[in-house]
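Asks: I have a structure here, written as structure tokens, and I will follow up with some questions on it.
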């Protein structure tokens, strides 16, 4: 005959296993938000292709950009769009940044066009080679070197 203590212990173990199994089977497997945004960009913006993913950054390719990536969940931002091109950037580059930014941050394209154009054009003799600005709840940081110019558009975690 089994003792009452052993019987209670086996019932508790069985109940714990049943709860664990129910918890794991009830939660659906979800893809990362970065992957979803990257696939959406690739399908809706001409020329963008998903390259590869490393850690929490998805690297993309586009003909008008030397580098293009989407970053998720940094310590001070929830999403980041980073793009790099030649020092003398072309209107196609700004159009691509505006389209991608509108999809990533879900704001109207004209707002991203205005903000990114202002940021890129402010770099120069008076303001220097690194310009940080805020436009329509987006943080934009534009930098340039002797050969390249880049823009990083982020949205804070609390927004």
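Residue numbers (my numbering): 524 to 682. Glycine residues also receive a C-beta, built at the ideal position from the N, C-alpha and C atoms. Computed from a prediction, not measured in an experiment: that's the story for all the values here.
1. Specify the secondary structure class of residue 609 as computed by DSSP and reduced to three states.
2. Which of helix, strand or coil does DSSP assign to residue 657?
3. Starting from residue 626 and walking both ways along the alpha helix (DSSP H), at which residues does that stretch end?
4. Relative to the C-alpha of residue 669, which residue among 608, 564, 680, 585 is closest?
5. Could you check what DSSP says for residue 667 in three-state terms: helix, strand or coil?
6. Exposed or buried, residue 629, counting other C-beta atoms within 10 Å across all chains shown (16 or more means buried)?
7. Rank 676, 585, 576 by C-alpha distance to the C-alpha of residue 659 and give the top, closest one.
8. So who's on the other strand from residue 640, going by DSSP bridges?
9. If I measure Cβ to Cβ from residue 544 and keep anything under 7 Å in the same chain, skipping five residues before and after, which residues do I get?
10. Taking the alpha-carbon positions, what's the residue 702 to residue 616 distance?
11. Which stretch, first to last residue, makes up the beta strand (DSSP E) that contains residue 649?
12. Just tell me which of 641, 559, 648, 649 has its CA closest to the CA of residue 664.
13. Rounded to whole angstroms, what's the CA-CA distance from residue 613 to residue 680? Just pull it up for me.
Replies: Once the coordinates are examined:
1. For the purposes of this step, residue 609 is identified with residue 86 of the chain shown, where counting begins at 1. DSSP places residue 609 in strand when its eight states are reduced to three.
2. Residue mapping note: residue 657 aligns to position 134 of the chain shown, counting from 1. Strand at residue 657.
3. The sequence position of residue 626 within the chain shown is 103, counting from 1. It spans 614-628 - the alpha helix (DSSP H) in which residue 626 sits, taken as one unbroken run.
4. Residue numbering aside, residue 669 sits at position 146 when the chain shown is read from its first letter. For residue 669, the nearest C-alpha among the options comes from 608.
5. Taking the first residue of the chain shown as 1, we reach residue 667 at position 144. Residue state, collapsed to three classes: strand.
6. On the chain shown, position 106 is the one that residue 629 refers to. Exposed.
7. One-based indexing of the chain shown puts residue 659 at position 136. Of 676, 585, 576, the residue nearest in Cα terms is 676.
8. Taking the first residue of the chain shown as 1, we reach residue 640 at position 117. Bridge partners of residue 640: none, in fact.
9. Position 21 of the chain shown, counted from the first residue, corresponds to residue 544. Reliability fails at residue 544, whose pLDDT of 47 lies under 50, so the model's placement of it is uncertain and no value is given.
10. Given that the chain is displayed from residue 524 to residue 682, the structure contains no residue 702 and the question cannot be resolved.
11. Stepping through the chain shown from its first residue, residue 649 is reached at position 126. First-last for residue 649: undefined, no H or E at that position.
12. One-based indexing of the chain shown puts residue 664 at position 141. Closest option to residue 664, Cα to Cα, is 641.
13. Numbered from its first residue, the chain shown carries residue 613 at position 90. Numbered from its first residue, the chain shown carries residue 680 at position 157. Each residue's Cα considered, the two are about 31 Å apart.
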